[in-house]
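Top line first, the protein sequences correspond to chains A and B.
For the record, in the first sequence the residue sitting at position 252 is 252 according to the working numbering, with numbers rising by one throughout.
If you count the second sequence from 1, you need to add 1000 to reach the working numbering.
2 protein chains.
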Amino acid sequence: MTGNIVTERAARLATQETSKDGITMHFQARYALHLLVAGAAALIAVAAAEAEEGVWTFENLPSKVLQTKYGFATPSTSLTALRLSAVRFGGASAAFVSSDGLLLTNHHVALSCVQKLSTAGEDLVRNGFFARTLAAERPCPATEIKHLDSTQDVTATVRSAVRSTDSAVANAERNAAIAVLEKECKQKTGFRCEVVTLYRGGAYHLYRYRVWTDVRLVFAPESRVAFFGGDADNFVYPRFDLDFALARVYEDGKPVKSPHYLRWATTGVKEGDLVFAAGHPYSTDRLVTVSQLEFDRDTRYPLMIASAKRQIQALQEFGARSPEAVRRAAERLFGTENWVKAMRGEYKALQDPSLRAAKAKDESLLRKSFVATPDRVDPWAAIEGATRKEGDQIRAAWVVGYGYGTLFDTAGTIVELANESTLSEAERLAAYRPSAIPRLMLRVAADEPIYKDLEIARLTSYWQEALDILGNDDPFVKRVLGDKTPLDAATAVIDGTRMNELQERKRMLDGGLAGIAASTDPLIMLARDVYPLRRRLAKLHEVEVETPTLRAGDELERMRYELFGTDAYPDATGSLRLSYGIVRGYDADGILTPWQTNFWGLLGRSAAFGAQPPFDLPPRWSERQRNLDLSTPLNFVSTLDIIGGNSGSPVVNRNGELVGLVFDGNLEGLGGRFVFRLYGRQGPRHRGR
Amino acid sequence: MTGNIVTERAARLATQETSKDGITMHFQARYALHLLVAGAAALIAVAAAEAEEGVWTFENLPSKVLQTKYGFATPSTSLTALRLSAVRFGGASAAFVSSDGLLLTNHHVALSCVQKLSTAGEDLVRNGFFARTLAAERPCPATEIKHLDSTQDVTATVRSAVRSTDSAVANAERNAAIAVLEKECKQKTGFRCEVVTLYRGGAYHLYRYRVWTDVRLVFAPESRVAFFGGDADNFVYPRFDLDFALARVYEDGKPVKSPHYLRWATTGVKEGDLVFAAGHPYSTDRLVTVSQLEFDRDTRYPLMIASAKRQIQALQEFGARSPEAVRRAAERLFGTENWVKAMRGEYKALQDPSLRAAKAKDESLLRKSFVATPDRVDPWAAIEGATRKEGDQIRAAWVVGYGYGTLFDTAGTIVELANESTLSEAERLAAYRPSAIPRLMLRVAADEPIYKDLEIARLTSYWQEALDILGNDDPFVKRVLGDKTPLDAATAVIDGTRMNELQERKRMLDGGLAGIAASTDPLIMLARDVYPLRRRLAKLHEVEVETPTLRAGDELERMRYELFGTDAYPDATGSLRLSYGIVRGYDADGILTPWQTNFWGLLGRSAAFGAQPPFDLPPRWSERQRNLDLSTPLNFVSTLDIIGGNSGSPVVNRNGELVGLVFDGNLEGLGGRFVFRLYGRQGPRHRGR
């Protein structure tokens, strides 16, 4: 994940008539970026009472520690303002920074929009973008902004609906209860309503969101400055990136009124400051058991990493064709490289014996409080069983599908939407819950460029992977390849499909089951045949893995509650969370790392690599650097607990004033998926001579 | 260790009449410093045939690999020039860079001189020094320069002299043979002659040195620039230090003629360049066995690290008294911190299971070629036995003595010199071989400031350590403390001694055994009584540990020769060695690290730490930075194989032109004491986006 901040002056850029060439110069004011380090302290899962960090829900703040350790009293108007200003931007985070709908987020969060607005003739990724007037702001295709209005604890309702001991039935009962809650809420309030599963099934909260889909790009810097250092510098600190962008939310064709927004701090942060971030961390596994950890280490991560590397190779080979091919593959390549780098850090953490030992210690503590009774399943045994089942399924489940993010994936979504919509809510695949459908529709109907050459290259890679993993006797492989090579098979369906045309997709979406059954589009025909294979595996996973794991997690969570109560925080689930931390440098295994970086460092690192990509800068950066105070802070680092989805999270000081923007973590923090630990010794070492 | 380089322009500074304030400005030319990373490749010990690195003697260059891999032919006039220009500067390295005796070395190598020339009123360490005329060059107390004139293989002579199977007798026979060789050589040639033990006793070479003791300081930068980042940045890269100094060798009161000297390269190095360094690495343990490795890991390093930390604490507590106390303790504190940081890296390497596994693999390979016969001792068993003996001795051997580098140490040397000189050469302690005596005399008779308050603080710490380790019933502890506390005992002898006066030391040195026996100086009286205790332990070590280890090493070496011949290089021993490597950046576990740094980076790191010590710079650096081209390269990194003692080694390109100066290694390279491995992946990773 990733984020950054700009000052008051920088923010004005988007609303004032400032010459575009002047933009980067303005960043000599105060802090421009915020780089986060996952940090501090022991295990969260069981040692939560001691832990100082966490991804807390706003309903259950770590009030005691904030008061005793930092003298920070809750409830707090600062935190309320932070909560009300924060939004979810696609899968990541952002915040209102003006009363007329202006949003601050990361460049890499807005990148999907910037990329879609770019053409071969007008490369906004490379050259940046600045709308001098409201009229010049450009609509982002398929972008959704969600603002949390209110929440409600519905744990009792969901639990009481689950009566069966058969896990398939229990799962259906739970899904049905959740669907009813969401539907009733929507009818009553008009909001998008979603039941959020917390504490791995320990609690269920109903979240009510205001949702906007008219979002327009206001400002994006040149990608060379936004992602200075590229993949090489991702998850790296010290870091030198201007990873921010501005967008605006519209309603009925006008900028939305946003009464709650963050004010810019007039002074920057300094080392030792307490800071808060509000964002949407989408997934942690801090409550996993030892058997799950071992499964991740021995099976899941090796599979995922190999797959990601295969995809990177395919994208690089595609890019080798031409500069235009590089541009077309850029966003996907960046995303995949980012993903593999994160996994590498997590995989390394998984192999750390001390992490496993800490988990084992947790478990033995919890086991002491477990008393087996006839109606109480041993949760560890249940999870171990479910994990074994997952081991049987995972390889097929990984490759049998539509190829993540491809045009085939879009075709698969059209086919599944038509089919799943005919089922009762309890029977549906979880991904097709009514509350999830609008976003899926939006994605299918997005008006964005689709490049058939890139689609062929990507499908070829996915299908080669399936062939390698499942062999050519597998029904899925047989259906997608027939007697062709992966390349020939992919070329045939992509050449023949019209799903790249927006009108055709809309027509197919509107035609429902009958239209799909009648379709002769080769991609739809293929998706139609793959759907039952995919559905069988998804249901198998839901019933044999997910449901027993949720039930066992429920049980474990109850035990944890008995031990820690609300001193614990739930695993991240993509819902709004608060993190708190301290701004400070650290000792990276012998290398003393400062809490801030500056423009000298940016120019120094660029020059040290001969200003070669990805360490090159737009020309005006070297031409005009003499006009900048190069000691101006650029990025800073803190002990905030963040993970993927926190990108774009606003960072505020004690007074709730904006001081930064989350834009990345460091490699050492990637183990934060499983545990949260501060890397290295805390604070600087002896500095005297 | 540590080193760096300056360009032609910078070098002229010392010989031309340049305004002092202009000095730092001149460094905008080319490369100023060279930072070395121990790098590349497998195990050296056994896998030497594959290894590309090593600390090679000039008699046995890695000609085959230089030719085949780098197209570099030997013999080479470049390497001959390098060899003839290189000198030993105290315990470290330097090189002639002009025909009139000008030497280039590290600031931290010359620091001892700079410190001794400083007073409370004139702090050359802090403010730097520049002699505008020859007359202004200031004599360095107690500094010795050794220039290797020629060498001779005397293995056969030494081996044939050792006839006994009893290790004490064998040891005496070897010492006697070496003493005869050295004496004959000195009489014949007038040179300082030293027999160097190579391949841990596998070979003996006679080295003939020209020795100078009149060395004068010419130029030293401000310590803040020379050691920017202080201990925090030691063994760290990327790095930003101007760690160089200039001195001049005098003979008969005039600059010595130095026909062999290095020319400055007119262009700097670039990534991928082949470079060479000539220096005096003083110690590696790459041929150690598994049992020795384990002993180091479990016993030696924990003991040494605890001791070093104790010394650092004592020096810090001393420094807390006043700014003057900080100044007095500075050199010792820096040296000790440097040492403990190096040990920490080595200790970490020792704990790496893959290092132990690689060693074990080596051993099993060698064991296959070993056939036991009645007159052939099993070398591994012998070393294991010797190591066990060392385990019995090491704690006492560590603390029973005079306190390294203290005034008591000087008194001990005086007492030992008088006593050992009366013994036959075979009976003497190895440290008192005739060839070693001049340097000892020089140290005792050095006119350098001695601070009694610092001496008391240091002895107190040493004696507290002895008390803690040996208990108060130990004869050594009883003698040094009597019924006093360590502080009271140290205060009594230091208050009472006159050994801090140069004239008194010289008188004592001249008085011989009789003078010592008659002395009532409390420090001499104490040294007199400690001497037999110390000597007993030293001899025990020589006979029970050193000699059997040497014999076994001899045996192992023979086996290695059978397997690898001269493809192998001997462990470092402080004698002149050649290293070769490639200039290149590296991937530090996910962080892409450039091959060079620049002045932007220096200013950036300083500002990032708020310009607080040790990251502050002399004022003119910030005042005048606008006049510098801040992209000018400052430090660079290569895969040269270096270790302590290489500090100040000149680095030359293929043409033998000076391009850098060794001044440090990185933390990852510290395992190079035991094996030589390149850290991280080689070269930069994918750079495209």
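All C-beta atoms, glycine included, are put in the ideal place defined by N, C-alpha and C.
These numbers come from a predicted model, not from an experiment.
Residues of the region 1590 to 1603 of chain B whose Cβ lies closer than 7 Å to any Cβ of chain A, in chain order: GLY1590, ILE1591, LEU1592, PRO1594, GLN1596, THR1597, ASN1598, TRP1600, GLY1601, LEU1603
Give the secondary structure of GLN651 of chain A by DSSP, where H, G and I count as helix, E and B as strand, and everything else as coil. Before going on, a small fix: residue 651 of chain A reads as Val here, not Gln. Three-state DSSP puts VAL651 of chain A in a strand.
Under DSSP, the alpha helix (DSSP H) around ALA349 of chain A begins and ends at which residues? 323 to 350
Inter-stretch contact at 8 Å, needing at least 3 Cβ pairs: the region 164 to 180 of chain A / the region 139 to 149 of chain A: no
Using a Cβ-Cβ cut-off of less than 8 Å, give me the residues of the region 246 to 267 of chain A that come near chain B, in sequence order. none
Runs of 4 residues minimum, wholly inside the region 1068 to 1112 of chain B: which ones carry the alpha helix (DSSP H) assignment? 1077 to 1085
Closer than 7 Å at the beta carbon, the chain A residues around SER1631 of chain B: Near SER1631 of chain B (Cβ distances below 7 Å), the residues of chain A are ALA607.
Looking at the unbroken alpha helix (DSSP H) that takes in TRP212 of chain A, where does it start and where does it end? Looking at the DSSP string, TRP212 of chain A is not in any alpha helix (DSSP H); the run it does join, the beta strand (DSSP E), is 203 to 212.
Please say whether ALA92 of chain A and TYR580 of chain A have beta carbons closer to each other than 9 Å? No, Cβ-Cβ distance for TYR580 of chain A and ALA92 of chain A is not below 9 Å.
Looking at C-beta atoms only, is the number of pairs between the region 1629 to 1649 of chain B and the region 263 to 283 of chain A that lie closer than 8 Å three or more? no
Buried or exposed by the 16-neighbour rule on C-beta atoms within 10 Å, applied to TYR70 of chain A: exposed
Per DSSP, what kind of secondary structure is ASP587 of chain A in: helix, strand or coil? Secondary structure of ASP587 of chain A (DSSP, three-state): strand.
Min CB distance ALA232 of chain A to chain B below 9 Å: yes
Rounded to the nearest angstrom, what separates GLU1657 of chain B and ASN1646 of chain B at their Cα positions? 18 Å
Only counting the same chain, and skipping five residues up and downstream in sequence, which positions put a Cβ closer than 8 Å to that of HIS1686 of chain B? Low per-residue confidence applies at HIS1686 of chain B: pLDDT is 26, beneath 50, and the placement is therefore not dependable enough to give any value.
Check whether the region 317 to 331 of chain A and the region 114 to 129 of chain A are in contact - that is, three or more C-beta pairs closer than 8 Å. yes
List, in chain order, every chain B residue whose beta-carbon is nearer than 7 Å to that of VAL583 of chain A. Under the 7 Å cutoff, chain B gives no residues; its nearest Cβ is about 13 Å from VAL583 of chain A.
Tell me which residue opens and which closes the alpha helix (DSSP H) that ASN127 of chain A is part of. Here the alpha helix (DSSP H) through ASN127 of chain A covers 124 to 127.
Once the 5 residues before and after GLU1173 of chain B are set aside, which same chain residues still bring their CB inside 8 Å of it? ALA1161, VAL1162, ARG1163, SER1164, ALA1426
Just checking, does the region 1382 to 1392 of chain B make contact with the region 1446 to 1464 of chain B on the three C-beta pairs under 8 Å criterion? The region 1382 to 1392 of chain B, when compared against the region 1446 to 1464 of chain B, does not touch it at the 8 Å Cβ threshold.
Interface partners of VAL1236 of chain B on chain A, CB under 9 Å: VAL1236 of chain B reaches chain A at GLY590, ILE591, LEU592, counting residues in chain order whose Cβ is nearer than 9 Å.
What is the DSSP secondary structure of CYS1140 of chain B, reduced to helix, strand or coil? coil
ALA1538 of chain B to ALA1156 of chain B span [Cα, whole Å]: 27 Å
Residue interval of the beta strand (DSSP E) (run including GLU251 of chain A): 245 to 251
Presumed contact (8 Å Cβ cut-off) between SER1649 of chain B and GLY1279 of chain B, rounded CB distance: 3 Å
So, using beta-carbon positions, are ALA247 of chain A and PHE89 of chain A closer together than 9 Å? yes
What first and last residue would you give for the alpha helix (DSSP H) that runs through ILE469 of chain A? Residues 452 to 470.
According to DSSP, is HIS1541 of chain B part of a helix, a strand, or is it coil? helix
At the level of alpha carbons, what is the spacing between SER1606 of chain B and LEU1617 of chain B? 7 Å
Quick check on the DSSP output: the alpha helix (DSSP H) that includes ALA1131 of chain B runs from which residue to which? Counting along the chain, ALA1131 of chain B falls outside any alpha helix (DSSP H), and DSSP gives it neither H nor E.
Any contact between the region 564 to 579 of chain A and the region 410 to 426 of chain A? By contact I mean 3 or more CB pairs, one from each, below 8 Å. no
Does LYS1361 of chain B have its Cβ less than 9 Å from a Cβ in chain A? no
In the region 385 to 446 of chain A, which residue ranges form an unbroken alpha helix (DSSP H) of at least 4 residues, counting only runs that do not cross its ends? 407 to 420, 437 to 444
Rounding to the nearest angstrom, what Cα-Cα distance links THR80 of chain A and ALA360 of chain A in this structure? Rounded to whole angstroms, THR80 of chain A to ALA360 of chain A spans 38 Å at the Cα level.
Segment contact flag, the region 1461 to 1469 of chain B with the region 1395 to 1415 of chain B, C-beta cutoff 8 Å, min 3 pairs: yes
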